[in-house]
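Q: Right, I'll just put the structure down here and ask away after.
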Amino acid sequence: MTTHPVFQSQAYKDLGEFYIYTGEYLRAAQQFEEILNIYSFDVSALRSLVFIYSELEDWDRVILYSKALDHEKKMTPEEYYYFSRAEYELGNYSDALKIIKKLENQKRVDIKALNLWKDLLVLENPNKDLSFLAKYLEKKSDSPLEEKVFWEVISNHGKEQRKSIFLGM
-19 MTTHPVFQSQ AYKDLGEFYI YTGEYLRAAQ QFEEILNIYS FDVSALRSLV FIYSELEDWD
41 RVILYSKALD HEKKMTPEEY YYFSRAEYEL GNYSDALKII KKLENQKRVD IKALNLWKDL
101 LVLENPNKDL SFLAKYLEKK SDSPLEEKVF WEVISNHGKE QRKSIFLGM
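Following our numbering, the numbering of the sequence shown begins with -19 at its first residue and continues without gaps.
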């Protein structure tokens, strides 16, 4: 590869994106980590690493790169979801809830993030009124089944589902 940092970084990025496209996540991660060796807080590389390690369910690394993005004030709603999910998967429920609550200023929130938010609120208090979450639901979800479950749990009739979430069933 060329020795000029800009060209070298772009080559790593292109190769990393190719590996993501082909599903070779570990090889993709290597490329984006090389970019960070050149530019420590490259936002594009950090975002790619958050996505890759989320796909690989390497939650510690998702947290590591999410914290770097958050430090740079460059988090997207999707990255807040990955960050919160990583904390949730590691059993850090209060941290996960603090992170997912950063989506409160959004007009719409993806159904995956809403379901995680709902589960975290139920873990905190199974009797909490969850109806306020409805305002964040996107008009048309790509996951009608997830949306149905979401509505069932936040409704007044969802107390049994909340109890099973709270008990981890």
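The beta carbon of each residue, even a glycine, is placed where N, CA and C say it ideally should be.
Small disclaimer: the values here were computed from a predicted structure and weren't measured.
Do L36 and A25 count as a contact pair if the criterion is CB distance below 7 angstroms?
A: As a position in the sequence shown, residue 25 is number 45, starting the count at 1. As a position in the sequence shown, residue 36 is number 56, starting the count at 1. No.
Q: Output the boundary residues of the alpha helix (DSSP H) element that contains S111.
A: Counting from one through the sequence shown, the residue named residue 111 turns up at place 131. Counting along the chain, S111 falls outside any alpha helix (DSSP H), and DSSP gives it neither H nor E.
Q: Exposed or buried, which one is E104 when buried takes at least 16 other CB atoms within 10 Å?
A: As a position in the sequence shown, residue 104 is number 124, starting the count at 1. The C-beta of E104 has fewer than 16 other C-beta atoms within 10 Å across all chains shown, which makes the residue exposed.
Q: What separation, rounded to the nearest whole angstrom, lies between the Cα atoms of I18 and P(-15)?
A: Position 38 of the sequence shown holds residue 18. Position 5 of the sequence shown holds residue -15. Taking the Cα positions, I18 is about 7 angstroms away from P(-15).
Q: What is the rounded straight-line gap between the Cα of L110 and the Cα of D90?
A: Looking up residue 110 in the sequence shown gives position 130. Looking up residue 90 in the sequence shown gives position 110. Looking at the two C-alpha atoms, the distance is approximately 16 angstroms.
Q: Using the three-state DSSP reduction, which class does P117 fall into: helix, strand or coil?
A: Residue 117 sits at position 137 when you count from the first residue of the sequence shown. Sequence inspection shows Leu at residue 117; the Pro mentioned does not correspond to that position. In this structure, L117 counts as strand in the three-state DSSP scheme.
Q: Can you tell me whether N95 is buried or exposed? The criterion is at least 16 other CB atoms within 10 Å of its CB, across all chains shown.
A: If you number the sequence shown from 1, residue 95 lands on position 115. With 16 or more other Cβ atoms within 10 Å, it is buried.
Q: Cα separation between M150 and L49?
A: Residue coverage of the chain in this structure runs from -19 to 149, which leaves residue 150 outside it and unanswerable.
Q: I'd like to know whether the C-beta atoms of V23 and Y45 end up nearer to each other than 7 angstroms.
A: In the sequence shown, counting from the first residue as 1, residue 23 sits at position 43. In the sequence shown, counting from the first residue as 1, residue 45 sits at position 65. Going by C-beta atoms, V23 is not nearer than 7 angstroms to Y45.
Q: For a quick check, are the C-beta atoms of Y60 and I79 less than 7 angstroms apart?
A: As a working mapping, residue 60 is identified with position 80 in the sequence shown. As a working mapping, residue 79 is identified with position 99 in the sequence shown. Going by C-beta atoms, Y60 is nearer than 7 angstroms to I79.
Q: Any beta-carbon of chain D closer than 7 angstroms to the one on E52?
A: Looking for chain D here will not work: only one protein chain is present.
Q: Leaving aside the five residues before and after F12 along the sequence, list all residues of the same chain whose C-beta is less than 6 angstroms from its C-beta, in chain order.
A: Here the question's residue 12 lines up with position 32 in the sequence shown. Cβ within range, chain order: G(-4), A25, S28, L29.
Q: Taking the C-alpha atoms as reference points, what is the distance between L100 and F63?
A: Residue mapping note: residue 100 aligns to position 120 of the sequence shown, counting from 1. Residue mapping note: residue 63 aligns to position 83 of the sequence shown, counting from 1. Cα-Cα distance, rounded: 14 angstroms.
Q: Could you work out which residue in F21, S34, K81, Q(-10) is closest to E52 when comparing CA atoms only?
A: Numbered from its first residue, the sequence shown carries residue 52 at position 72. Out of F21, S34, K81, Q(-10), F21 has the C-alpha closest to the C-alpha of E52.
Q: If you count every other CB in all the chains shown that lies within 10 Å of the CB of K115, and 16 or more means buried, which is it?
A: Here residue 115 corresponds to residue number 135 of the sequence shown, with the count starting at 1. Exposed.
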